[in-house]
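Accompanying notes for the structure given below.
2 protein chains.
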Amino acid sequence: MEGDIGAALIVIGNEVLSGRTQDANIQYIASGLNDVGIRLKEVRIVEDDEAAIVKAVNELRAAYTYVFTTGGIGPTHDDITSECVAKAFGVPLLRDPRAVERLLRQIKPENLNEARLRMANIPEGADLIDNPVSHAPGFRIGNVHVMAGVPKIMQAMFDGVKGGLQGGRPLVSANVTLHMGEGVIADGLRQIQADHPEVEIGSYPFSRDGHYGTVIVTRGPDPAVVGKVSERVAEMAETLGGRVEREGRV
Amino acid sequence: MEGDIGAALIVIGNEVLSGRTQDANIQYIASGLNDVGIRLKEVRIVEDDEAAIVKAVNELRAAYTYVFTTGGIGPTHDDITSECVAKAFGVPLLRDPRAVERLLRQIKPENLNEARLRMANIPEGADLIDNPVSHAPGFRIGNVHVMAGVPKIMQAMFDGVKGGLQGGRPLVSANVTLHMGEGVIADGLRQIQADHPEVEIGSYPFSRDGHYGTVIVTRGPDPAVVGKVSERVAEMAETLGGRVEREGRV
Numbered sequence: 003m004e005g006d007i008g009a010a011l012i013v014i015g016n017e018v019l020s021g022r023t024q025d026a027n028i029q030y031i032a033s034g035l036n037d038v039g040i041r042l043k044e045v046r047i048v049e050d051d052e053a054a055i056v057k058a059v060n061e062l063r064a065a066y067t068y069v070f071t072t073g074g075i076g077p078t079h080d081d082i083t084s085e086c087v088a089k090a091f092g093v094p095l096l097r098d099p100r101a102v103e104r105l106l107r108q109i110k111p112e113n114l115n116e117a118r119l120r121m122a123n124i125p126e127g128a129d130l131i132d133n134p135v136s137h138a139p140g141f142r143i144g145n146v147h148v149m150a151g152v153p154k155i156m157q158a159m160f161d162g163v164k165g166g167l168q169g170g171r172p173l174v175s176a177n178v179t180l181h182m183g184e185g186v187i188a189d190g191l192r193q194i195q196a197d198h199p200e201v202e203i204g205s206y207p208f209s210r211d212g213h214y215g216t217v218i219v220t221r222g223p224d225p226a227v228v229g230k231v232s233e234r235v236a237e238m239a240e241t242l243g244g245r246v247e248r249e250g251r252v
Numbered sequence: 003m004e005g006d007i008g009a010a011l012i013v014i015g016n017e018v019l020s021g022r023t024q025d026a027n028i029q030y031i032a033s034g035l036n037d038v039g040i041r042l043k044e045v046r047i048v049e050d051d052e053a054a055i056v057k058a059v060n061e062l063r064a065a066y067t068y069v070f071t072t073g074g075i076g077p078t079h080d081d082i083t084s085e086c087v088a089k090a091f092g093v094p095l096l097r098d099p100r101a102v103e104r105l106l107r108q109i110k111p112e113n114l115n116e117a118r119l120r121m122a123n124i125p126e127g128a129d130l131i132d133n134p135v136s137h138a139p140g141f142r143i144g145n146v147h148v149m150a151g152v153p154k155i156m157q158a159m160f161d162g163v164k165g166g167l168q169g170g171r172p173l174v175s176a177n178v179t180l181h182m183g184e185g186v187i188a189d190g191l192r193q194i195q196a197d198h199p200e201v202e203i204g205s206y207p208f209s210r211d212g213h214y215g216t217v218i219v220t221r222g223p224d225p226a227v228v229g230k231v232s233e234r235v236a237e238m239a240e241t242l243g244g245r246v247e248r249e250g251r252v
């Protein structure tokens, strides 16, 4: 859609790719960006591997207005995000006194060993991102926002950053649930989408108690248009004899 | 690790990127590949957009032994995966009589409208992938496996395909839960990883009831080595005075 401001997310971590962990961050970031009129257009999940991370950061920061990363900024050997982002930007990774000061809010000086101090290594020229949960900061360099992978910490970091992003008009959506299969309404739906390129109509089939149904999500920046198109979908389905539940705007 | 056979997954669908839907397929595919000795090395989630899908398919099929896609093979206007994969391979998309025959197992001939017949459009030269749930098939062309997005159908398709993939030795893993923060064990852990490049040691912090802990996952192809390294991690943590739970191989 016109005026789109696009973002990409890089999820860094072998644990999601091995199937050990179900990702818990994509949906939170997707919804939050939507609230401020930014569209998440691509997600990449990559291994804890320098070449993979550097490549993803450089490709995506060139392609989208905003990039976010989650994971890999802790104290252990598998936390390599900060050095990879520094490499991607071609800047040195430096021990940042502002970040050391924040670590000292959480960690006693005698416990601030070299491993923990790695969490204060920040690419030159980056701004810190607040971590109200456990203080070890994230950072922003250029259009790339580097955040923790632990969901509670990531959410706190993202909520702090979100207000400062320059978005467009937030997208709103309206749902109708049609108690009929996709194949029945597909032709009518295609016509409505063709008549209204200013919205995006998504069709999501489900089966429940042996019956097929389809949720139609109409999405766009103008609430009046979204409501009108969604109502047209509902009427089209009713004309075909289907039962329809209108769920209002979400 | 040596001998790695790598795979990538492309999740196609605006509904995951908008935050409407929590992806339910990545973890299933990741675990299933692991079972047959294939390593999921990258996931991309892309919009229902031709340029985005073609680019992802072509980049990833060149980079990895296997590629899987989920989503976008239904009958509605937003289902464009099959034509995009045909474009990526530079072959025509044809109405496939084998696929029409399968649709007729589920759909009465008088209900097999043009929208539903789109589900029988398959790139030239592709093999069909069985869909024991609702019959509309997926397909394989080259090293790319195109599957449905609905989890129940995707799982049935993937389970059918899995046995025919050429994997390496399955990776096994062993977990130990350390009731101490990552910062305490990071130095010892780094040393153990340096001594054992043949395994991969992941460190996953958690907090529970106000206490910090870390799960250490050791992963590799040789069960004896994985067990030995995991035990060394446990002993290192005990030497540092931490409480350790050994969870055995998973």
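From first to last, the protein sequence lines are chains A and B. Offset between the first sequence (1-based) and my numbering: plus 2. Offset between the second sequence (1-based) and my numbering: plus 2. By construction, the Cβ of each residue, glycine as well, lies at the ideal position given by its N, Cα and C atoms.
Interface partners of residue i on chain A, CB under 9 angstroms
i	result
alanine 32 (chain B)	Val18, Leu19, Ser20, Gly21, Arg22
glycine 204 (chain B)	Gly15, Asn16, Glu17, Ser20, Arg22, Asp50, Thr78, Asp80
arginine 46 (chain B)	Glu44, Val45, Arg46, Ile47
glutamine 157 (chain B)	Chain A residues near glutamine 157 (chain B): none, gap ~13 angstroms exceeds 9 angstroms.
glutamate 219 (chain B)	One detail in the question is off: residue 219 (chain B) reads as valine in this sequence, not glutamate. Under the 9 angstroms cutoff, chain A gives Asn16, Glu17, Ser20, Arg22.
Test: residue i CB closer than 7 angstroms to a CB of chain B
i	result
serine 84 (chain A)	no
asparagine 133 (chain A)	no
arginine 251 (chain A)	Interpretation of arginine 251 (chain A) is limited by its pLDDT of 47, a score under 50 that renders its predicted location unreliable; the figure taken from the coordinates is listed afterwards. Not one chain B Cβ lies under 7 angstroms of arginine 251 (chain A).
isoleucine 12 (chain A)	no
glutamate 4 (chain A)	Note that glutamate 4 (chain A) scores a pLDDT of 47, beneath 50, so its modelled location is shaky and nothing firm can be said.
Selection from the options that minimises the alpha carbon distance to residue i
i	options	result
valine 228 (chain A)	A:Glu202, A:Val45, A:His79	A:Glu202
isoleucine 131 (chain A)	A:Gln157, A:Gln108, A:Arg118	A:Gln157
valine 69 (chain B)	B:Thr23, B:Val163, B:Arg120	B:Val163
proline 207 (chain A)	A:His181, A:Pro223, A:Leu19, A:Lys230	A:His181
glycine 144 (chain B)	B:Ala128, B:Glu237, B:Pro225, B:Leu106	B:Ala128
glycine 151 (chain A)	A:Leu35, A:Pro77, A:Met238	A:Pro77
leucine 11 (chain B)	B:Ser20, B:Ser209, B:Ala32	B:Ala32
alanine 53 (chain A)	A:Thr220, A:Glu85, A:Val231, A:Ala239	A:Glu85
asparagine 133 (chain A)	A:Arg100, A:Leu242, A:Lys89	A:Arg100
Contact set between residue i and chain A, taken where Cβ atoms lie within less than 7 angstroms
i	result
alanine 117 (chain B)	Gly185, Ala188, Asp189
glutamine 195 (chain B)	His79
proline 139 (chain B)	Neighbours of proline 139 (chain B) on chain A: none; closest Cβ ~15 angstroms, over 7 angstroms.
Closer than 9 angstroms at the beta carbon, the chain B residues around residue i
i	result
isoleucine 28 (chain A)	Val18, Leu19, Gly21, Gln24, Asp25, Ile47
valine 228 (chain A)	Those within 9 angstroms of valine 228 (chain A) in chain B number zero; the least Cβ separation is about 13 angstroms.
Chain A residues whose Cβ lies nearer than 8 angstroms to that of residue i
i	result
aspartate 36 (chain B)	The displayed chain sequence assigns asparagine, not aspartate, to residue 36 (chain B). Per Cβ cutoff of 8 angstroms: Ser20, Gly21.
First through last residue of the alpha helix (DSSP H) which encompasses residue i
i	result
alanine 9 (chain B)	Segment 8 to 14 is the beta strand (DSSP E) holding alanine 9 (chain B); no alpha helix (DSSP H) there.
threonine 241 (chain B)	225 to 241
isoleucine 194 (chain A)	184 to 197
glutamate 202 (chain B)	Looking at the DSSP string, glutamate 202 (chain B) is not in any alpha helix (DSSP H); the run it does join, the beta strand (DSSP E), is 202 to 210.
arginine 118 (chain A)	116 to 119
N-terminal and C-terminal residue of the beta strand (DSSP E) that residue i is part of
i	result
aspartate 129 (chain A)	129 to 131
alanine 176 (chain B)	174 to 180
arginine 97 (chain A)	95 to 97
methionine 149 (chain B)	146 to 149
isoleucine 124 (chain B)	123 to 125
glycine 162 (chain B)	Looking at the DSSP string, glycine 162 (chain B) is not in any beta strand (DSSP E); the run it does join, the alpha helix (DSSP H), is 153 to 164.
valine 219 (chain B)	213 to 222
Closer than 7 angstroms to chain A by CB, residue i
i	result
arginine 192 (chain B)	yes
glutamine 108 (chain B)	no
arginine 234 (chain B)	no
Within-7 angstroms CB hit, residue i to chain E
i	result
asparagine 177 (chain B)	The structure shown has no chain E; the protein chains it does contain are A and B.
Interface residues of chain B facing residue i [CB-CB closer than 8 angstroms]
i	result
proline 207 (chain A)	Gly76, Val152
valine 102 (chain A)	None at all; the shortest Cβ gap to chain B is about 14 angstroms.
In chain order, which alpha helix (DSSP H) runs of at least 4 residues are fully inside the stretch 37 to 84 of chain B?
Complete alpha helix (DSSP H) runs here, min 4: 52 to 65.
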